[in-house]
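Numbered per the numbering used here, the sequence shown spans residues 804 to 1212.
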Amino acid sequence: MAKHSLDKDKIKILLLEGVHQSAVDVFERAGYTNIEYHKAALSEEALLTAIKDAHFVGIRSRTQLTEAVLSHAAKIVGIGCFCIGTNQVNLAAAEKLGVPVFNAPFSNTRSVAELVLGEIIMLLRGIPQRNAKAHRGGWLKSATGSFEARGKTLGVIGYGHIGTQLGILAETLGMRVMFFDIEDKLPLGNAQQVHSMEQLMSLADVVSLHVPETPQTKEMIAHAQLACMRKGSILINASRGTVVDIDALAAALKEEHLAGAAIDVFPVEPKSNTDEFVSPLRGLDNVILTPHIGGSTAEAQENIGIEVAGKLAKYSDNGSTMTAVNFPEVSLAVHSGASRLLHIHRNRPGILIQINLAFAEKGINIAAQYLQTTADIGYVVMDVDSDQADQALIELQAIEGTIRTRLLH
Ligand SMILES: NC(=O)c1ccc[n+]([C@@H]2O[C@H](COP(=O)([O-])OP(=O)(O)OC[C@H]3O[C@@H](n4cnc5c(N)ncnc54)[C@H](O)[C@@H]3O)[C@@H](O)[C@H]2O)c1
Ligand SMILES: O=C(O)CC[C@@H](O)C(=O)O
C-alpha cells in the first residue's frame, strides 16, 4: 500500500485576518485539524515565522504575500484569499513556485452593491454633513443641496459582478445607469455602455468605481478625470485605494467641485484596528469614510469562508484547481481505488512524453491522466495503482523541469 505524502493532521493551515469560523468548520469536516488561527493580520516578522511550515495560508486583503514572503514558505501548497481581490499576493511568484491561489469571486458582491446604494442616497441628501453638524450640537435643517436619487444618472466604472448589481439596484430607485468598461458588456436593465470614461464622468451625477487593482487602474482617477466630473457631483470608491489619486480627490472636495464622496478603500490602510488612520480626507464632513468594510457582512463572510476553504480542501484532497486565479484549471473526479499524483512543471515541450516513457519503463500503469497548462507552468494529474505510487513519485521527481510533486491522500 502506498504511503500518503503527508497525514492530514500534519498539514498545517494558517488562517489570518479573522476569516470566518465557517472556514475552520469546512477544514475540520474535511479532516484538517492542524489549524493556526489569527484574528488579525500578522506583523511581517511574525508572518515569516508562521508561514515557514504552513501548507495552506488563508488571508484577506491586509496580508501582503510578496515574493520575499513566499520564499520563506518552504512547504506552501496553496493560498486562499478570503475575499475578491488577489492583488495582495504576488501571483506570478506563486505560480512559479507551483502554488495555486484561490479567491471568492462572488460571495461579497451583493454586500458592496448594497452599501454603495445606501451611500448614494445619503450623499445626494447631504446627510454626512448634517449628521456631523448635529453631533457637534448644530442643526442644518435645509433643502439646499438635497436631492432625490430618482431621475439622477449613475456612472459605473467597471461593470463586473458588483457594478452590474449596483446598476440594477439603482434602477429600482429610478436612476439612469451608464457604465464604462474596457470590455464590451451586456447591459442589464436599461443601462447604457459609454466608450469613454471621461465622457461618462461628465454625464453622471454619481460616479462609482468597481474596477480591480491593475497597472492600468492605478490612479486612473486623478486631477484631469475629476475635472471632467460635473460640479456638485459625487464620487464613490469601494474598489481599491490605488485607483484614486487621494490628494487630487481631497482638493476637488475642498474646492467644492464635488459635493461629496464615499471612500471605503485607501492607498495606505491601517494594518490593524488599533493603528491610526491617516488620510487627507479626514475632517471633511461631506465624505463618508469607511474602513474597507464594503464586503464585511455576516452573510458574505460566512459564504466566503465556506467557498475558499472548500476550494483549498478540494485541492488538497483531489487536486482540483477550478477557479484558481494563477494556475492551470482542472476539475477532477474522485480517485477511488487508485493513488493520485500531482506534477507541476515548467511549461516546455515533451514533459508528458518523458513522464509516460519513465512510467512505461518501470511498468507503472496509468489509470487516468490530465494535463493543463498556462504560458509558464504545466499541471499533470495522474491516477496509478496504489502499490506503484511510491515508485511513480520517484520517477516524477526525476523529470527535468519539475517544480513540485505531491502524492495525495
Ligand atoms: N470594498 C470592498 O470591501 C470590496 C469588496 C469586494 C470587491 N472589492 C473590489 O472591487 C473590485 C471589483 O469587484 P467585482 O467583483 O465587480 O470584479 P469583476 O472582475 O467582476 O469586475 C471588474 C470589472 O472591471 C473591468 N475593468 C478592468 N479594468 C478596467 C479598466 N481599466 N477600466 C474600466 N473597467 C475595467 C473589468 O472588465 C470588469 O468588468 C474587486 O477587484 C475588488 O478589488 C472591494
Ligand atoms: O475582506 C477583505 O479584507 C477585503 C474585501 C474586499 O476588498 C475584497 O477584495 O473582497
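The beta carbon of each residue, even a glycine, is placed where N, CA and C say it ideally should be. Treat the numbers as computed from the prediction; the structure is a model and nothing was measured.
Residue i - DSSP class collapsed to helix/strand/coil
| i | result |
| --- | --- |
| Val829 | helix |
| Gln1175 | strand |
| Asn1040 | strand |
| Ser945 | coil |
| Thr983 | Position check: residue 983 holds Phe in this sequence, whereas Thr was assumed. It is a strand residue. |
| Lys806 | At Lys806, the pLDDT of 43 sits below 50, so the modelled position is not reliable; the number obtained from the coordinates is stated separately. Coil at Lys806, not helix or strand. |
| Ser1005 | helix |
| Ile1202 | coil |
| Ile1197 | helix |
| Val1047 | strand |
| Leu1210 | strand |
Reference residue i, options the options, closest by Cα
| i | options | result |
| --- | --- | --- |
| Ile758 | Gln996, Val1090 and Asn906 | Since the first residue of the chain shown is 804 and the last is 1212, residue 758 is not available in this structure. |
| Val980 | Asp987, Leu1003 and Glu986 | Leu1003 |
| His1148 | Phe1162, Leu1160, Pro1131 and Gly1140 | Pro1131 |
| Tyr962 | Thr912, Leu894, Lys955 and Val1047 | Thr912 |
| Asn906 | Ile887, Leu900 and Glu922 | Ile887 |
| Pro1152 | Leu1174, Asn1129, Glu1164 and His1138 | Leu1174 |
| Val1009 | Gly1035, Gln996, Asp987 and Glu1164 | Gly1035 |
| Lys811 | Phe983, Lys1021, Arg832 and Glu1102 | Arg832 |
| His875 | Glu848, Lys1165 and Asp1179 | Glu848 |
| Gly1181 | Thr1093, Phe830 and Thr1205 | Thr1205 |
| Asp1179 | Asn1129, Ile985 and Ala1141 | Asn1129 |
Same chain only: Cβ atoms within 8 angstroms of residue i, ignoring 5 sequence neighbours per side
| i | result |
| --- | --- |
| Met804 | Its pLDDT being 36, under 50, Met804 is placed unreliably by the model, and the measurement read from it follows with that caveat. Once the five neighbours on either side are set aside, the close Cβ partners of Met804 are Ser1189 and Asp1190. |
| Ala935 | Asp1088 |
Cβ neighbours of residue i in the same chain (closer than 7 angstroms, five flanking residues each side left out)
| i | result |
| --- | --- |
| Glu820 | Ala843, Ala844, Ile862, Arg863, Arg865 and Thr866 |
| Leu991 | Thr967, Gly970 and Ile971 |
Limits of the unbroken beta strand (DSSP E) element including residue i
| i | result |
| --- | --- |
| Glu839 | Ile838 to Tyr840 |
| Phe859 | Phe859 to Ile862 |
| Asp1186 | Ile1180 to Val1187 |
| Val817 | The sequence shown places Leu at residue 817, rather than the Val named in the question. Taken as a continuous stretch (DSSP letters only), the beta strand (DSSP E) holding Leu817 covers Ile816 to Leu818. |
| Leu851 | Per DSSP, Leu851 belongs to no beta strand (DSSP E); it is in the alpha helix (DSSP H), Glu847 to Ile854. |
| Ile1156 | Element bounds for Ile1156: not the beta strand (DSSP E) but the alpha helix (DSSP H), Ile1154 to Glu1164. |
| Leu1145 | Ser1142 to Arg1149 |
Own chain residues within Cβ distance below 6 angstroms of residue i, not counting five before or after
| i | result |
| --- | --- |
| Gly1098 | Asn911, Ser914 and Val915 |
| Asn890 | Glu1016 |
Limits of the alpha helix (DSSP H) - the one that residue i falls within
| i | result |
| --- | --- |
| Leu989 | That residue, Leu989, is in no alpha helix (DSSP H); it is neither H nor E in DSSP. |
3-residue-minimum beta strand (DSSP E) runs that sit fully inside the segment 1007-1035, ordered along the chain: Those beta strand (DSSP E) runs which fall completely within the segment 1007-1035 and span 3+ residues are 1009-1012.
Beta strand (DSSP E) segments (min. 3 residues) lying fully within the segment 956-981: As far as the segment 956-981 is concerned, its whole beta strand (DSSP E) runs of at least 3 residues are 956-960.
3 or more residues per run - each beta strand (DSSP E) lying fully within the segment 1058-1131: You should have 1061-1066 and 1090-1092.
Beta strand (DSSP E) runs wholly inside the segment 858-945, at least 3 long, in chain order: Segments of the beta strand (DSSP E) lying fully in the segment 858-945: 859-862 and 881-884.
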